[in-house]
Each structure stands twice: as C-alpha cells, then as structure tokens.
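A quick write-up on the structure given underneath.
Protein chains: 4
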Amino acid sequence: MVNFCSDNATGASVEILRALEAANGGTAMPYGADDITARVAARLGEIFETEVAVFPVATGTAANVLALSVMVPPYGAVYCHREAHIHVDECGAPEFYTGGAKLIPLPGAHGKLDPQTLEGAITGAGVVHAVQPAAISLTQATEAGTVYTPDEVAAIAAVARRHGLGLHVDGARFANALVALGCSPAEATWKAGVDALSFGATKNGALGAEAVILFKPAPGMAEEFGYRRKRGGHLFSKMRFLSAQLEAYLADDLWLRNARHANAMARRLGDGLATLPGVALIHPVEANEVFARLPEAMIAGLLDDGFAFYRWGAPEACEVRLVTAFDTDPQDVNRFLTAAR
Amino acid sequence: MVNFCSDNATGASVEILRALEAANGGTAMPYGADDITARVAARLGEIFETEVAVFPVATGTAANVLALSVMVPPYGAVYCHREAHIHVDECGAPEFYTGGAKLIPLPGAHGKLDPQTLEGAITGAGVVHAVQPAAISLTQATEAGTVYTPDEVAAIAAVARRHGLGLHVDGARFANALVALGCSPAEATWKAGVDALSFGATKNGALGAEAVILFKPAPGMAEEFGYRRKRGGHLFSKMRFLSAQLEAYLADDLWLRNARHANAMARRLGDGLATLPGVALIHPVEANEVFARLPEAMIAGLLDDGFAFYRWGAPEACEVRLVTAFDTDPQDVNRFLTAAR
Amino acid sequence: MVNFCSDNATGASVEILRALEAANGGTAMPYGADDITARVAARLGEIFETEVAVFPVATGTAANVLALSVMVPPYGAVYCHREAHIHVDECGAPEFYTGGAKLIPLPGAHGKLDPQTLEGAITGAGVVHAVQPAAISLTQATEAGTVYTPDEVAAIAAVARRHGLGLHVDGARFANALVALGCSPAEATWKAGVDALSFGATKNGALGAEAVILFKPAPGMAEEFGYRRKRGGHLFSKMRFLSAQLEAYLADDLWLRNARHANAMARRLGDGLATLPGVALIHPVEANEVFARLPEAMIAGLLDDGFAFYRWGAPEACEVRLVTAFDTDPQDVNRFLTAAR
Amino acid sequence: MVNFCSDNATGASVEILRALEAANGGTAMPYGADDITARVAARLGEIFETEVAVFPVATGTAANVLALSVMVPPYGAVYCHREAHIHVDECGAPEFYTGGAKLIPLPGAHGKLDPQTLEGAITGAGVVHAVQPAAISLTQATEAGTVYTPDEVAAIAAVARRHGLGLHVDGARFANALVALGCSPAEATWKAGVDALSFGATKNGALGAEAVILFKPAPGMAEEFGYRRKRGGHLFSKMRFLSAQLEAYLADDLWLRNARHANAMARRLGDGLATLPGVALIHPVEANEVFARLPEAMIAGLLDDGFAFYRWGAPEACEVRLVTAFDTDPQDVNRFLTAAR
C-alpha cells in the first residue's frame, strides 16, 4: 500500500534499529545516568553551538507540553497558531501539564503566526482577571508544511521579548525545516530568539524519540524540567534505548539526509500535482507535506486505487494532505502522479 | 561489572529486539490502529481468560498513574503501602494524573498491605471535609521482593468491595510474582478481585513497554483511559514498536522464562547469603530481590571489589538490596557469594 | 460620585443587611447544616418549580467554575461566547477547576451564541487527539447586556442534546434577564433545556452570595459538587450568613424588584443617549447595561465632570459601557444625560 | 442549646455586623480597590511591625491553600502534623491548589510538630523520583488546642531554613494562640521565622473573613498570589464587605478581647472537668479547646441533657472535644459542669 497519511505511519531507519542492538550489551545505570545519554546531550550542544539542557522523551506531545510546563504558570496564556498541534491534536495535554494555562489560537496565512496578529493578541498583562501572557509557541515546519525563515522567527521573538514571553518551537519536523532553510541549527533557533525546542526524531526515522532542548536555561529551569518529566511518567528507566535512537539519528547526518529525502519527495509530489488540470496547491510545499485541492473524482479515484491519504479541512472542500517521509519510494510518488492523471 | 542495582539496569531480551526489526517493514497506521497492537490485546485476553481493555505505554509510572486516573476522582484517596513505588518513587505522578488525589501510606510487614490495617484506615466516606476513599493499590511482587497469594489479594479485594473501592495492582514485576505463585494469571488478578493491572515488561526484558490491563471495565472507562493516555503524552504514534515488544514478551512464554530465571538467581543469592555469618535476610526471597543485613565490612568489601548494588534503609542500617534479572549470569552470583565470604 | 462602572461597585440592599443581623442570634450548625440554608434550597425549588440541588457560594467565578467542574472532564471542551466572563475575566478558573478543559470561544452578535455557529464548532467527539465536547455555557443576561429568549435558549439546548453536552448558564445577572423576559424562572431555564445555573445575587443587592442550582441532577452529581466546593475552599463554615443573604434576596420579590429598577435605569440611560447627536447604541439595551459609541469630546467631558464609567473595546473606538444597578438614583441618570448634552 | 461543637457554630460579633452596615454607603471600586481594604492592609502592617502583603479571603481553607500554592511547586512536599486541618479536613484542597503536591503527615505530641521528627522526615531533595521538600505548615493554636511558643516556632523555622523550605502557619485560631502567649504578633510569626500566615477571623467573631499575610514576600510572590486567588474564585467583587469585617475585628483590640474570653471559658471548662472523678484532660488547655476523656455515662448524660459537642477519636475511646468561643456564656460553662457531676 502506498501511504501518504502521515510520516508517523513509517517504520524506523535501519541505522537506528542497529543502534538499539548495539546499545543492548551489558548493564547501564538507569534514568539517564548512562553514557549514551551523556553523549547525546554533548552532541546536541555541538550541533546547536551553545549551552543546552537536553531531555529525551518518547513522544512529541510529551516534548511540547513538558517544555511549556517550565515556561508557563497555571494562570498563563500561550499564543499559538489556531492549527497548532498543541491546540488541536493533543487532547488538552498543554492545559494538563501547565496546570490549566489557556492556549490562545490565532489565525495566520499558511500555518504561520505573524508578528502583527501576535502583537494585537497579547493583552491582559498585570490584569488580575486575565490569564497572564507567558509564552509563544510556533511549529517548525508548520502544520501547513511551510517553514519560518530565521528572520520570521526573529520577528516573533522580538514580540516575545517585548512582552517578556518565552518562545517555544514545536519541531516535530524540525529537520525538514532545517534542510529547507539551509541555515545552521543555531541560526534557526536560539540565535533567532528561541528558548526551547521540541526536537523531533520520531517522524523522521526513529521508533519513538524526541529531545526537549532548552537553550541557555535560566537557573533552576532544567532541574524543574527533570521533576516534571518524572511526574509526567516520561523518565525512562532504560533511557539508553531512547538515547541510542537519538545518537544514531544525529550520527553521519542521518537526520538531515532523511529529511532531505522526505522534502524532495514532497516537492516531486507537489510539482507533479501542480501540473494537473483542476489541481491547486493550498500552501507552498517547503518541507515534507503537500496540501492540495483536487477534483473530487481524482480524490475518489486515488482512494479506489488503494492510495492512502487523508482528506483535509471541511468534508466538501476537496482538499487533501499528502505526507512524505525518509523512506518514501520515488516510484510510489510516480505511481501516485500517474494514477492522478 | 556485576550489577545488582536494579532490574532496570539490564538491556533487553534478544527476542524482543528481533521483534522490533520484524515490525519495521512497511507502513502501519499510527496510534495503535496497527495489527500488532490488536494482536497483543487479543493475546492478553487469552492469557487472562477474560474481557480486557489493553493500553500499551512505555513506563511503569505512566501505567500506574493512568490506571489510577480512571479509578479515582480528584478528591479521592488511594490506599497503598508506605513503601509503594507510587508513593515514594514517582515524584507525585499519581497526584498529578488524578488531579490531586491523596495517597494514604500504610504500614505492613514485608511490603504487604494487610486487610485489618486497610479496614481501619478507610474513613471519611460521605464526609465533605475528607478525601473520598476510591482505590487500593498493591504492588505484586512487592517492593520488598515478596508476593501476595491469591487469597491475600482476595482478602484485600474484599475490603475494597465492602467500601466500594477499585483495586489496582502495580505489576512492574508481575511476571516474577506469577511464576513464584504458580497460579494462572487470572487467578492472580481478576479472579481474586483485581480491577486494573499495570502489566510490566520493562524490568523483565523489554526496552520500555508496559500494558495497562483493565479487567471487564465499566462502560466508558476504557474510552476515558484513551483520552487520558493521549493528554498525558503517552499515546505513541508508532505504537507498533511498543506492541511488538509486548508481543515478543508474551510469545513462547518469554515473560515467564525470563522471570523464572531472575527468581532463581535471587533465590541462589539469598540462600548463599543466608549461610554466611553475620548475614540476615530481611524479607523472604520470593521474587527477584534480596534484602539483607550484612556486616559493614562485607558491604564495603563487595563495593570495593566492584560489585554494584544499593544500600537500603537508613545509612547506618547495614542493609542492602540485590536485584536479579532475566539475564543475570549465575557465575556472577557465584562470584558475589565468593567475594562475600 | 456617580458611578456606572459596574453593578459590583454598589453596596447591598438594606433588607439583606438586616437579614444578616437577624441570622446572628445563637448557634447554628456549620457548613450548611443550618435551617436557613435548608429554607433557601426549598424556596429555590418552589421558584424554579422542579427538583433542584442548591449550593450557596460567595463569588460568581466560584459558581461558574464549580458548576462546570461537575459537567466537564479534564479532557473536555466548553463552548462559550468569545466575550464570556468565564473565558476572558476569570484568570483561567474554568481550566483550573475542570483540571484542564479547553474553552472554545465563539463569535456571535450582541454577545449571544447562535446555534449554527455552535453546531459547526462542535467537533472531535470520539477522536482521541481532540478535547471532547462536554458543555455549552451561555451568559444570561449576556456580557453585551442582551437577553436570550427561552426559544433561543431552547435552540442552543437542542444543539447540546444532539451532541450529548450539558448546558450551563452564567446568571450573574439572571434576575435582570428574567424581568426583561417576563417569563417564569422555569421557562427561562430547565424548561428550555438548562442543566445548571449560576444564580447571581451579588451584583443585584447581596454583599457576596450566589447559588449554583443543578436542575434534576444526575445521580452522584450533587454529591460530587459538594466535594468539589469544599476542596475549592468555597464551603463556608458559617454558611447561614451566605444563605441569609439569599433568603432575603428571594423574599418579597426583592431580587425581581431590584432587577426591574436596574433595567429601568439602563433603559432610561439608553433612551436618553440615543437621542443625542453622534451617539449610537452598540447593543440593544435589554437588561441593566448600555453599550454606546459616543463622540470623544462627550466621553472626555463626562469623565472630567466626575462621572465614573469604563471605556470599552479598543482605546480609539470611543465606546463606553454604562452599568446601572438596584440602587441607581434616577437623578444621577438625569444628571449624566444632562452633562452629556 | 448549649453548643460546644465548634467555634464556627457561633454567630458574629456585633461590632463586625455594624461595620458591614457602615461600609454599605455609596459606591466603592470593586476587587479590593476600595479604601477599607487599603486600610486593613496598612493596619496589619502596623500590628505585625513589618512589610506585609495582605489578601482577604472568606474561608480558612482558601487562606491555607492559596498560601501554600505560592510556596510549593506541583512536585513539592509539605510537612505537617498528621492531625493538621490541611491534611484531614480540607478534602484535598492543598493538593488541588498546589497542582498535586504531597502532604507528609507527621506524628507529634499534643498536636505539635517537633523539630527532630521533621528533620528525619525531610528527604529526597534533588532526587528526581521524590517529591521535593518545599514547605512546612504548622497550626497555631494547634488542632489539639495547644500553642507553640515563639521558641518552638523558631526551632521549626531553623529546620525549614536548613532545607530551604518555606514556613506557613494555619492561624485559624491565631488570636487564641497569641493571647495565650502574651507576646507580640511579630514575635509569634516572622520574628520566629514564619513566612506566611493564614490569619483567621471567622472562628473568632467574623461572619466569614480571613487574611493571608505574606511577610516580606519575595519579588513576584504577592503578584502571583493575586492571580491564584482570582482563578480560585476567591477574589470578591464587593471586597469592602470582607475588609470591613477585618477592620472591625482589628479595631479596639476586638480580636484579642474575643480570644481572651474564649480562652478563659476553655480554661474554666477544663479546670472544672479536671476535678471530676474519671475525667482526664488529653491535652493541655492552652487556647479555646478542651480535649478530655470522660466516663461513658457522663458523655451520654450530657448529650441527653441537650449539650452539643463532638466525640473525638475512636468511637470507643470516650473522648470529647469542647470548643469555646468569643460569645460563650459563662453560665453555660457552669451548667455544663454542673450537669457533668
């Protein structure tokens, strides 16, 4: 079956599975006191070229909400895009982990927050009746398959700084964004003003591994994160098996190679679709997702032919989302495009 | 290094690593809609011989606190042994997931709750000033390395029923208890009155996999569990990699074989130590843990020799905990006993 | 000073103060086991002509969020108007008391929810990634000073029933709405499909007293409310002093007389302003609030003259809110209108 | 009926009722922006001779748990006596308001914490599996009717300081303790190391009014308290009616006079009972409560005679609690003692 439903319908990179085997020899101290975990933290410090606190966890939701929980008080407000995963796809996990903070969903073209809308939405600071502005969260690459440039991130960070807010990035597809940008990890994040990053690996080749990265955390913040991770049930006893995934993910640029392939497949899909009559791309194809409006007959035909993908938006909108991944077979893209014709 | 610190210092069974590889082919629908997850649920139904709702998660803490969260209101009370993992080793996770319930720690010989103490402690039902009795949680095998017989579980369940409480079992070492008992999984659990089981695999050969099993859940309970697992950040997108661990764990009685080995190693350790002058076993050795009082010189010597294990209890108590596992080398046990002499 | 800032800038009705004195004789059993509390519950049952569970509390926020807390799970969604007090003026109290539910703010003319918008917004039921639709909350009279007719309430209740949601009414100004409607309390509430009412008295003559009224509550719901009120810190030991306020409020139709006066004063204000050049009423004046667009010079002049009221909306919008109350002096209204000319 | 059930079965001091009437003239800005609230804060600063942040609330539970909520993280531990009101009589409110902290109940003679027991119980700092030591809470006067001397408070505060913990005092009966001690309010609190005080008035003559007093609060702490009070539903719109109670309570030493009377009545009761055959006082009578073991026939006879009071402890223990108050009639004490003979 050709499956463009999601990049989480894929398996894992062979290199990562092999790393699990390699990690399996002998005993290792639990709860992150093992060597591999230490090496991953050090490696991420090198990659991001700054002081970082690194916390492996197993799911993207855990990464996002634990990061927010050390940035936002229970009476805080988090500003995010109205299509943000944290707002629409985490069943209230941010509210749970923050102890009741409010997410303020905002509109924005192509899945992106824009500084003006943000600026207008941040209200109530110091007013006892209002939740208190605490953080901005953006998704990179976005839920619309687009990518913020470092300048765009910096413009949002400027709003955050002006109001004393933290800036979190949901990077479930951070690698896809990074290779699209062609800048350094540092330029895409803390140099542009990002405080905390959910560094995703699961969608891009891991079995289930993410890392929360706090850039130059304030005193006590990393320690607090540790307690919150534990009481969230996200501190792995056999941590080496999370960390081994991350180590292999980072080794030999596997993460970047995987992402480049996924992006290339999306581009091929998008370019191919764009040439077909009646097809319109809804968002620019910048990472590994294609959003398109298709003739209803084309959608129905593709589904009949056994291609798997999700309709998007309103039922009658004739919109689809197609997600490519590190292991997408170019022939499958060709087959899809052929069938679509 | 010979390491008796904990069964979570071990790696994983080869069979389980192989299952991950086998699970890696092709796409699979995410979030538990894959075939392996369905097979694991069915298999656990067979093994426990009743209707079950099964929820794979990755950590024991997640299993325990999600189970409690569907049994206990925010204003509820959970009765547990004062050494229970949920009380002393989960950094307040039960309070977090229940929304603020209170754990009532109780004494009891050899890590076990006893019905009379429980009966006396369950107070306040219907009193608006008091947290409301909601659940009992026991650990099987206990934190003292002992095992409740089905009759002992049933006696506690009788107290639970009399007060309208649910009965949860923290089964991080359930396999070790089961092979010690020699009864069926059903006899050890729901037939004795257990409502929910944290069915552990991590300590007994998995990389990181547990299953919450709800026995004949009340209407809506399983659905609620699903939402709570998601908002806890514990719903894996690539669920097949959790479920594959569990499937291999259950296949060909791997779980029971692993536990039998671990228990045998603990018995050998315990029996050997008991013959040494100045050594006293603190608890009966019934599963895979040995608690003993040793001459201080013996403890110091063993540590000097490079054996790894934890002192237990008060610093001056000269007590140690030794944990064996599925992969404990009998020669290491012999070496330890030789060195102790 | 003539003060139209809010009806909570007023004092209390003399009848209510006298009732406190009358309640002061001798001892009374605490926590609501007194006679006055029993009489208030019975009286509200008569007034609403059905089985009710009644819970006096001291603030409107407490009433709203405790009511929601027994209707909405931690992973639930509450649909409300985007100007709803629970969404913008309670500092996240609904999120706190529900354990993390999400409020879904919706647009709607003149402060009112409309059934079509609601119908389109209620999504995600049964989807594990989404917060689960749980309740609708409307404000009566609304934050725009308008009033839902029983038919309008019933149309919203029909949406609620279709989706299995509870219907809560924030009735901080319920008396003002009721006298505007001219229908019975029952017709305005449970006969139109309302499940729970925050029955306000504070803004309409009490010192600080509200009652949560659950109409024909499901089994266990009232008991749960009791525990939640206690652990919220809202169970008064000397409850008689809350209940005495409510008893006096209901006696001899004080609540209706007070509300009629407040509404009449608002009507007089609104009618008077509407005749002035450059003035436009923003919402129909149906209860005790007037929202109007005024020439900037008029606003500045009135403030200079010492009249107290709030600007509303954006700073440059030249909009004001004027709130009248049970004790508004008609001469003050006249003075205001004269000054405005 | 002669009622020794609790000091919350009493009404209010006439002076306090009169203050409500006096406060009722004209409009006042809501939510604590009124003059009376400002005066109360200033007056408490004078009385306690230091910088204070003052927050009126209506219930003792609200005062206690809001105070703890700004001192304790969700993963924190609060050490308290096992009979502490916050542990046994607030239905989990501390867990709710802190977001899930754990109360550690400790034994101690006559309702008092002792420094050695505390010292031994404070464990787990820096251990990620353990809740983190955060605060100590003691009750003054205690639930056993005894009083900590300033030196005893200072010894507990020394433990708190050594471990970096905050020190909270539940002062529901603070006035009773203070007049028993004969020291200054400052000596009994911050000079002995107290950080936050729940300053009770309800049990000692108010209708329902308490003040949380933060002594020299850390930067941001008072602001945080404000948000937490609001989202707890404890910010009164007509705050003047809470503050007026407190102002009258403090005026002309009413609070001290009331407490002196209550204490004297308890002493008279205790002294009288102690002379009776078969009667034993269980705790020293230091404030306004008497705990005594009585012959069963005496208890039954007194209840038959219509005296109201609570049995205490185990049903068969033949123990009673007798609480006196600001308005206890000395003749009622005499009648009780006569009947007891």
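Going down the list, the protein sequences come from chains A, B, C and D.
According to the working numbering, the first sequence is numbered sequentially starting from 24.
According to the working numbering, the second sequence is numbered sequentially starting from 24.
According to the working numbering, the third sequence is numbered sequentially starting from 24.
According to the working numbering, the fourth sequence is numbered sequentially starting from 24.
For each residue, glycine too, the CB sits at the ideal point set by N, CA and C.
- P242 (chain B) and Q268 (chain C) have their C-alpha atoms some 43 Å from each other.
- DSSP places F330 (chain C) in no beta strand (DSSP E); its state is neither H nor E.
- By the Cβ rule, the stretch 118 to 127 of chain C counts as touching the stretch 91 to 108 of chain C, because three or more pairs are nearer than 8 Å.
- With fewer than 16 other Cβ atoms inside 10 Å of its own Cβ, E142 (chain D) counts as exposed.
- At least one beta carbon of chain B lies nearer than 7 Å to the beta carbon of R254 (chain C).
- Per the coordinates, the alpha-carbon of E233 (chain A) lies some 34 Å from the alpha-carbon of G99 (chain B).
- When the alpha-carbon of V176 (chain C) is set against those of C:G49, C:V111, C:L201, the nearest one is in C:L201.
- The Cβ atoms of K135 (chain D) and T165 (chain D) sit closer than 7 Å to each other.
- Looking at the backbone, the Cα of R283 (chain C) and that of A157 (chain A) are separated by about 43 Å.
- At least one beta carbon of chain B lies nearer than 7 Å to the beta carbon of H152 (chain D).
- Secondary structure at E38 (chain B): helix, using DSSP grouped into helix, strand and coil.
- Under the three-state reduction of DSSP, A65 (chain C) is assigned to helix.
- In the displayed model, Q268 (chain C) falls within a helix according to three-state DSSP.
- In summary, G83 (chain A) is buried, with 16 or more beta-carbon neighbours lying within 10 Å of its beta-carbon over all protein chains present.
- The beta carbon of F332 (chain B) sits no closer than 7 Å to any beta carbon of chain D.
- Within the stretch 258 to 280 of chain A, L258, F259, S260, K261, M262, R263, F264, L265 place their CB atoms closer than 9 Å to a CB of chain B, listed in sequence order.
- By the criterion of at least three beta-carbon pairs nearer than 8 Å, the stretch 37 to 47 of chain C is not in contact with the stretch 253 to 267 of chain B.
- Across the stretch 286 to 315 of chain A, no CB contact with chain C closer than 7 Å is found for any residue.
- Cβ atoms of N286 (chain A) and A203 (chain A) come within 8 Å of each other, at about 6 Å.
- Under the 10 Å beta carbon count, N357 (chain B) is surrounded by fewer than 16 other beta carbons and is classified as exposed.
- Judged by DSSP in its simplified three-state form, A303 (chain D) adopts strand.
- For Q139 (chain D), the enclosing alpha helix (DSSP H) stretches over residues 138 to 144.
- The three-state reading of DSSP puts P53 (chain D) in coil, since its state is none of H, G, I, E or B.
- Interface criterion not met: the Cβ of G115 (chain C) is under 7 Å from no Cβ in chain B.
- Within the same chain, and ignoring the five residues on either side of E270 (chain B) in sequence, the residues whose Cβ sits closer than 8 Å to its Cβ are A42, I59, R62, V63, R66.
- Against chain A, the beta carbon of Y102 (chain C) has no neighbour under 7 Å; the closest one sits roughly 14 Å away.
- Around R251 (chain B), the beta-carbon contacts reaching into chain C at under 7 Å are Y98.
- With a 10 Å radius around the Cβ and a threshold of 16 neighbouring Cβ atoms, Y333 (chain D) comes out exposed.
- In the three-state reduction of the DSSP assignment, G189 (chain D) falls in the strand class.
- If you ignore the 5 residues before and after G231 (chain A), its C-beta comes within less than 7 Å of the C-beta of A81, T82, T225, all in its own chain and listed in chain order.
- Spanning the alpha carbons of A90 (chain C) and A183 (chain C) requires a straight line of approximately 16 Å.
- According to the DSSP secondary-structure assignment, C103 (chain C) is paired through a beta bridge with C:P128, C:S160.
- The beta carbon of F119 (chain A) sits closer than 7 Å to some beta carbon of chain B.
- With its beta carbon less than 7 Å from one in chain D, G231 (chain C) belongs to the interface.
- Per DSSP, reduced to three states, the secondary structure at E118 (chain B) is helical.
- Listed along chain D are P53, each with a C-beta nearer than 7 Å to that of S29 (chain C).
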